[in-house]
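**Q**
2 protein chains.
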Amino acid sequence: MTEHPAAPAAVPGRIGRSVDARDSRVAPLDTFHPWFKECAERAYTDVRPIPLDELAGWTTDPVTGNLAHVSGGFFRVEGLDVTVPDGPVPHWTQPIINQPEIGILGILAKEFEGVLHFLMQAKVEPGNVNGLQLSPTVQATRSNYSRVHRGRPVPYLDYFREPGRHRVITDVRQSEQGSWFYRKRNRNMIVEVTEDVELLDGFRWLTLGQIHQLLALDDIVNMDARTVLSCLPFSGPTHRPAPGPEDDSFTAALLRSCHGVGGALHPDDHILNWVTEVRTRSEVLTRPLPLNALEQWRRGEYAITHDSGQFFELIAVDVRAGGREVGGWTQPMIKPRDGGVVAFLVKSIGGVLHVLMHALVEPGYLDVAELSPTVQCTPRNFDHLPDAARPMFLDEALGAPADRIRFDAVLSEEGGRFYHARNRYLVVETDIDAGFSHPDFRWMTVRQLVDLLRHSHYVNIQARSLVACLHSLTGQPPVV
Amino acid sequence: MTEHPAAPAAVPGRIGRSVDARDSRVAPLDTFHPWFKECAERAYTDVRPIPLDELAGWTTDPVTGNLAHVSGGFFRVEGLDVTVPDGPVPHWTQPIINQPEIGILGILAKEFEGVLHFLMQAKVEPGNVNGLQLSPTVQATRSNYSRVHRGRPVPYLDYFREPGRHRVITDVRQSEQGSWFYRKRNRNMIVEVTEDVELLDGFRWLTLGQIHQLLALDDIVNMDARTVLSCLPFSGPTHRPAPGPEDDSFTAALLRSCHGVGGALHPDDHILNWVTEVRTRSEVLTRPLPLNALEQWRRGEYAITHDSGQFFELIAVDVRAGGREVGGWTQPMIKPRDGGVVAFLVKSIGGVLHVLMHALVEPGYLDVAELSPTVQCTPRNFDHLPDAARPMFLDEALGAPADRIRFDAVLSEEGGRFYHARNRYLVVETDIDAGFSHPDFRWMTVRQLVDLLRHSHYVNIQARSLVACLHSLTGQPPVV
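Chains A and B, in that order, are what the protein sequence lines are. Quick note on numbering that gives the first Met the number 0: the first sequence kicks off at 0 and runs consecutively. Quick note on numbering that gives the first Met the number 0: the second sequence kicks off at 0 and runs consecutively.
#1: Establish whether the CB of LEU365 (chain A) and some CB of chain B are separated by less than 8 angstroms.
#2: Measuring alpha carbon to alpha carbon, tell me which of A:GLU110, A:TRP296, A:ARG141 ends up nearest ARG24 (chain A).
#3: Confirm, please, whether the CB-CB distance from ALA467 (chain A) to GLY214 (chain A) is below 8 angstroms.
#4: Would you say HIS90 (chain B) faces chain A, with C-beta separation under 8 angstroms as the test?
#5: Hey, does LEU271 (chain B) have any beta-carbon neighbour from chain A nearer than 8 angstroms?
#6: What residues in its chain sit with their C-beta under 6 angstroms from that of GLU175 (chain B), if we drop five residues either side in the sequence?
#7: Cα-Cα, which of B:ASP268, B:TRP296, B:GLN120 is closest to ASP200 (chain B)?
#8: When you compare the region 280-292 of chain A with the region 54-66 of chain A, are there three or more beta-carbon pairs, one atom per stretch, that lie closer than 8 angstroms?
#9: What is the C-beta distance between GLY208 (chain A) and SER17 (chain A), in whole angstroms, given that I count them as a contact (C-beta under 8 angstroms)?
#10: How many Å lie between ARG141 (chain B) and PRO331 (chain A) at the Cα?
#11: Check distances from the C-beta atoms of the region 274-287 of chain A to those of chain B and list, in chain order, the residues that come in under 8 angstroms.
#12: Might you give, ordered along the chain, the residues of its own chain that have their beta carbon closer than 8 angstroms to the beta carbon of ALA5 (chain A), omitting 5 neighbours on each side?
#13: Measure the alpha-carbon distance for ALA315 (chain A) versus ALA420 (chain A) and round it to whole angstroms.
#14: CB-CB under 6 angstroms to TRP204 (chain A), same chain, minus the five flanking residues each way: which ones, in chain order?
#15: Compare the C-alpha of ASP402 (chain B) against each of B:PHE381, B:LEU425, B:PRO162 and name the closest.
#16: Looking at the C-beta of VAL171 (chain B), does it have a partner C-beta in chain A at a distance below 8 angstroms?
#17: Counting only C-beta atoms, is PRO4 (chain B) closer than 8 angstroms to chain A at any point?
#18: In terms of alpha-carbon separation, which member of B:ARG336, B:PHE73, B:THR136 lies closest to GLU197 (chain B)?
#19: Given a cut-off of 8 angstroms on the beta-carbon distance, is the pair ASP306 (chain A) and ARG298 (chain A) in contact?
#20: Assign TRP273 (chain B) to buried or exposed, taking buried as 16 or more other Cβ atoms, counted over all protein chains shown, within 10 Å of its Cβ.
#21: For ALA387 (chain A), is the classification buried or exposed, using 16 other Cβ atoms within 10 angstroms of its Cβ as the cut-off for buried?
#22: What in chain B is Cβ-close to VAL167 (chain A), meaning under 8 angstroms?
#23: Any contact between the region 395-409 of chain B and the region 210-225 of chain B? By contact I mean 3 or more CB pairs, one from each, below 8 angstroms.
#24: Can you check whether the C-beta of ILE219 (chain A) is within less than 8 angstroms of a C-beta belonging to chain B?
#25: What is the DSSP secondary structure of TYR424 (chain A), reduced to helix, strand or coil?
#26: Taking only three categories from DSSP, how would you classify GLU395 (chain A)?
#27: Could you say if the region 277-287 of chain B and the region 375-383 of chain B meet the contact criterion of at least three C-beta pairs nearer than 8 angstroms?
#28: Can the beta-carbon of ALA108 (chain A) be found less than 8 angstroms from the beta-carbon of ILE210 (chain A)?
#29: So, is the C-beta of ARG160 (chain A) closer than 8 angstroms to a C-beta in chain B?
#30: Can SER234 (chain B) and GLU361 (chain B) be called in contact, C-beta distance under 8 angstroms?
#31: Taking beta-carbon pairs under 7 angstroms, can you tell me which members of the region 179-193 of chain A lie near chain B?
#32: Considering only the alpha carbon of each residue, which of A:VAL83, A:ARG278, A:TYR43 lies closest to GLY327 (chain A)?
#33: Output needed for VAL354 (chain B): all residues of its chain with C-beta closer than 6 angstroms, excluding positions within five of it in sequence on either side, in chain order.
#34: From VAL171 (chain B) to THR59 (chain B), what does the alpha carbon distance come to, in whole angstroms?
#35: Considering just the uninterrupted stretch of the beta strand (DSSP E) at HIS211 (chain B), what are its terminal residues?
#36: Please report the straight-line C-alpha distance between LEU231 (chain B) and ALA462 (chain B), rounded to a whole angstrom.
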């Protein structure tokens, strides 16, 4: 039997070559920032908070207070009643975004001079602190691409709507923020083409090595780009030969963790059994509530806020943009009150880097719990809660000495739904014992995470961002 | 790094040995039927339809008509409004069982004389046509094992509630009938012990070879046993060396399909992409409805029935049983109006057996669609529908000549919820072209199905039964 001609068998090795390509003659990195600046000048955006009552094209249901677009498309803002009997906070209510449409986050890939390049878009989103960020080739809800808002067609969309004609490298639906979205999933796709592709204004081919350098900068590579990149088949013999067991430098341990030839503290079946155990043991009961019936949440002129002043606000914005499909619109957005911390604590165990993963229950997940970073929280939200509710390992992540911090950048969350939502993403080496035992935590290798990323419902959006950050650290040559 | 001491690395080979053990000195097959008959005499059951109003311990909600147990446990019977815009029937309403509790279906395994044996229970269920069937060691809802009905404790349950002390061979939550259950999942577990296990009345150790022979008989191995057995890690070099490519007998092709050293028509990634594509493209919208507000369904004295007389009835039964945890009870049950047909059409492609799998949308699935058999239907339900709605391949499955039928038995569905629900399970060799192309069908190897069975949400309950049936066919020596 021959495999299907489009089988991506040879992809991992080519991913490695792209990672090692720290620069590209097709689009040199030293021209990136001038190009990006020029895009920013053309794709201006003006975002202004407006009263909730002035949302045009959106209606507030007179009975429930829920917000919906008049087309029935895009998303709705509703209320949710959440009970997690064994959680630190066993019951609460909150606004949540209900967006049942499955959107497409797609990156087009193509070889230039033998190296895979990825077509990235300089895209304005109203919630971005800095206007423009680097996004996937296509980032479209079904409402976008079915033209609910009658804007311009989405460029390059056909490559992802008829992927059968091309080599599909990645195609998996993944969840997004489980505390702000109710069961939202987007289709994460990477499609490789061999044909000529017209390069439109605002788009640019980049190698993984180039993207990885940009990922180390604050607020450049957007959340949608990070989640798609995290789903690359980034395990197995990706580029250089596996380092030897005598070498325990961080990068070598990371490469062994990606290579996946043994070395995992817990066999794959035990990881799956653990996920089954957590999802069976953990109860989370959710029930839709009218947005106007939430306890401790109030609708003011400009925002729906929590009485404590914490968590997030639901605001309305008026957007005037030059570089997008339509010239102007208004929409509701979630505005977090404070920045968050998202951290992988990592440790070389037997020469193989392991990440301490946390099986976290969030109300918006379709299947109870997903694997999340060691630390994922907004520290200020815990100010008014008992000490027992303080997230484990938060202090360790924030207090790590500089020489133990392997990745540290402030990255933005989805700028289409969240207003100035930013988290500090950290990869920190830890002294936690390899024998550390807790029913909600497990040490896992990168290869094990990459394997689970082929399926839905396993690895949450924050952990996927950090997986992309870990990948970016493989590009440095081993210190040995 | 050493793997965890309980790593089931050596399990596949031992599964093969158990398959080849067509008999056992521990519990010879020729004593099975006398033992089973004796169990049947002791574990008598008397099941009698009663008026719905006479359900004791169950309440009919005065507003919605929904049925619930007074304890709040077990399950509820509610209404569901279903819209599948692209389906042959785009909209309907129906009663459905809502059982949010995750139960345990667990089989205990232990080696005797070097061969894995599995502890099976002769268990009475009120819905069984023949009273007694062979079930897993433990078959318990949370209400059972938390003693909502104050019956006797569930024997052997502790092995599955504290599996960490033992070798876990299988532990995965799987869905059940998506047309009768709303998002029900049970935890399918196989736990291996080395310690002595007391053999209680009504339990018996059996090798896989013995179970496989019993599976070929009508109505002996129950649905719960079949689904757990299907989740065995039944791929890789399970027992005998892979047959050579020159050998294209059915059994040899089946063994190659289990072995999984290449030979799949579609690479694994393409299968996953296809599942993503189906689940993105297919829309299924469900909405709870009051049971008394369903279109075309009426509550009579003894049953809730559809005006057409088709599909199923919701009935009430009074159960008097001797061999169960409690002596008597009443409960609602689903009673299908006719028997169904569940068939794998299979074909050797390049010497490797492939199954034509159907990605099927059913309203009760958590994630849109699951991989189902080539044919899965109740033929009579299609009598009043247009020809376009007639299931593909049904006539081919039913009309196959005897020498193309590799498995043919009538097997029962869950006897705890369904009354006399039986399907004819078939494995049929087909002449459908290997190049057959349809967006909802794909040729897959057994190894590919077994890989997906490590995860939830992929392979439906009917297909899992047939996977167990396929496994049972590997026990015959190759014809070569």
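Glycine included, C-beta positions come from ideal geometry on N, C-alpha and C. From a predicted model like this one, the values you see are computed outputs, not experimental measurements.
**A** To lay it out plainly:
#1: In the first sequence, residue 365 (chain A) corresponds to position 366, counting from 1. Yes, because at least one Cβ of chain B sits closer than 8 angstroms to the Cβ of LEU365 (chain A).
#2: By one-based count along the first sequence, residue 24 (chain A) stands at place 25. Of A:GLU110, A:TRP296, A:ARG141, the residue nearest in Cα terms is A:GLU110.
#3: On the first sequence, position 215 is the one that residue 214 (chain A) refers to. On the first sequence, position 468 is the one that residue 467 (chain A) refers to. According to the sequence as given, residue 214 (chain A) is Leu; it is not Gly. Taking 8 angstroms as the cut-off, the Cβ atoms of LEU214 (chain A) and ALA467 (chain A) count as close.
#4: Here the question's residue 90 (chain B) lines up with position 91 in the second sequence. Chain A contact via Cβ: absent.
#5: Within the second sequence, the letter at position 272 stands for residue 271 (chain B). Yes, LEU271 (chain B) counts as interfacial toward chain A.
#6: The sequence position of residue 175 (chain B) within the second sequence is 176, counting from 1. Excluding positions up to five away in sequence, the list reads LYS183, ILE460.
#7: To locate residue 200 (chain B), count along the second sequence from 1; it is residue 201. For ASP200 (chain B), the nearest C-alpha among the options comes from B:GLN120.
#8: yes
#9: As a working note, residue 208 (chain A) is residue 209 in the first sequence. As a working note, residue 17 (chain A) is residue 18 in the first sequence. Indeed they touch by this definition, with Cβ atoms about 7 angstroms apart.
#10: Looking up residue 141 (chain B) in the second sequence gives position 142. Looking up residue 331 (chain A) in the first sequence gives position 332. Cα-Cα distance, rounded: 42 angstroms.
#11: THR275, GLU276, ARG278, THR279
#12: If you number the first sequence from 1, residue 5 (chain A) lands on position 6. Model confidence at ALA5 (chain A) stands at a pLDDT of 39, short of 50, so the residue's coordinates are unreliable; what they give is reported in the following sentence. Taken in chain order, the residues that qualify are HIS165, ARG166, VAL167.
#13: The residue labelled residue 315 (chain A) in the question sits at position 316 within the first sequence. The residue labelled residue 420 (chain A) in the question sits at position 421 within the first sequence. Roughly 15 angstroms between the two C-alpha positions.
#14: If you number the first sequence from 1, residue 204 (chain A) lands on position 205. VAL25, ALA26, HIS116, LEU118, listed in sequence order.
#15: In the second sequence, counting from the first residue as 1, residue 402 (chain B) sits at position 403. Residue B:LEU425 is the option with its Cα nearest to ASP402 (chain B).
#16: Looking up residue 171 (chain B) in the second sequence gives position 172. Yes, VAL171 (chain B) lies at the interface with chain A (some Cβ there is under 8 angstroms from its Cβ).
#17: Here residue 4 (chain B) refers to the residue found at position 5 of the second sequence. Since pLDDT at PRO4 (chain B) reaches only 35, below the 50 mark, its modelled position is unreliable, and no value is offered.
#18: Taking the first residue of the second sequence as 1, we reach residue 197 (chain B) at position 198. The option with the nearest alpha carbon to GLU197 (chain B) is B:THR136.
#19: Locating residue 306 (chain A) in the first sequence gives position 307, where the first residue counts as 1. Locating residue 298 (chain A) in the first sequence gives position 299, where the first residue counts as 1. No, these two residues do not count as a Cβ contact at 8 angstroms.
#20: If you number the second sequence from 1, residue 273 (chain B) lands on position 274. Buried, because 16 or more other Cβ atoms sit within 10 Å of the Cβ of TRP273 (chain B).
#21: One-based indexing of the first sequence puts residue 387 (chain A) at position 388. Taking all protein chains in view, the Cβ of ALA387 (chain A) is surrounded by fewer than 16 other Cβ atoms within 10 Å, so the residue is classified as exposed.
#22: Position 168 of the first sequence holds residue 167 (chain A). Within chain B, the residues near VAL167 (chain A) are ASP268, HIS269, ASN272.
#23: yes
#24: Position 220 of the first sequence, counted from the start, is the residue given in the question as residue 219 (chain A). Output row for ILE219 (chain A): interface = no.
#25: Locating residue 424 (chain A) in the first sequence gives position 425, counting from the first residue. Here TYR424 (chain A) sits in strand by DSSP.
#26: Stepping through the first sequence from its first residue, residue 395 (chain A) is reached at position 396. In this structure, GLU395 (chain A) counts as helix in the three-state DSSP scheme.
#27: No contact exists between the region 277-287 of chain B and the region 375-383 of chain B.
#28: Against the first sequence, residue 108 (chain A) aligns to sequence position 109. Against the first sequence, residue 210 (chain A) aligns to sequence position 211. The answer is no: Cβ separation not under 8 angstroms.
#29: For the purposes of this step, residue 160 (chain A) is identified with residue 161 of the first sequence, where counting begins at 1. No, because no Cβ of chain B sits closer than 8 angstroms to the Cβ of ARG160 (chain A).
#30: Counting from one through the second sequence, the residue named residue 234 (chain B) turns up at place 235. Counting from one through the second sequence, the residue named residue 361 (chain B) turns up at place 362. Not closer than 8 angstroms, so no.
#31: ARG186
#32: Start at 1 with the first residue of the first sequence, and residue 327 (chain A) comes out as number 328. For GLY327 (chain A), the closest C-alpha among the options A:VAL83, A:ARG278, A:TYR43 is that of A:TYR43.
#33: Indexing the second sequence from 1 puts residue 354 (chain B) at position 355. Around VAL354 (chain B): PHE343, VAL345, MET443.
#34: Numbered from 1 along the second sequence, position 172 holds the residue referred to as residue 171 (chain B). Numbered from 1 along the second sequence, position 60 holds the residue referred to as residue 59 (chain B). So the two alpha carbons sit approximately 34 angstroms from each other.
#35: For the purposes of this step, residue 211 (chain B) is identified with residue 212 of the second sequence, where counting begins at 1. Per DSSP, HIS211 (chain B) lies in no beta strand (DSSP E); the unbroken alpha helix (DSSP H) holding it starts and ends at 207-214.
#36: Against the second sequence, residue 231 (chain B) aligns to sequence position 232. Against the second sequence, residue 462 (chain B) aligns to sequence position 463. If you take the alpha carbons of LEU231 (chain B) and ALA462 (chain B), they lie about 14 angstroms apart.
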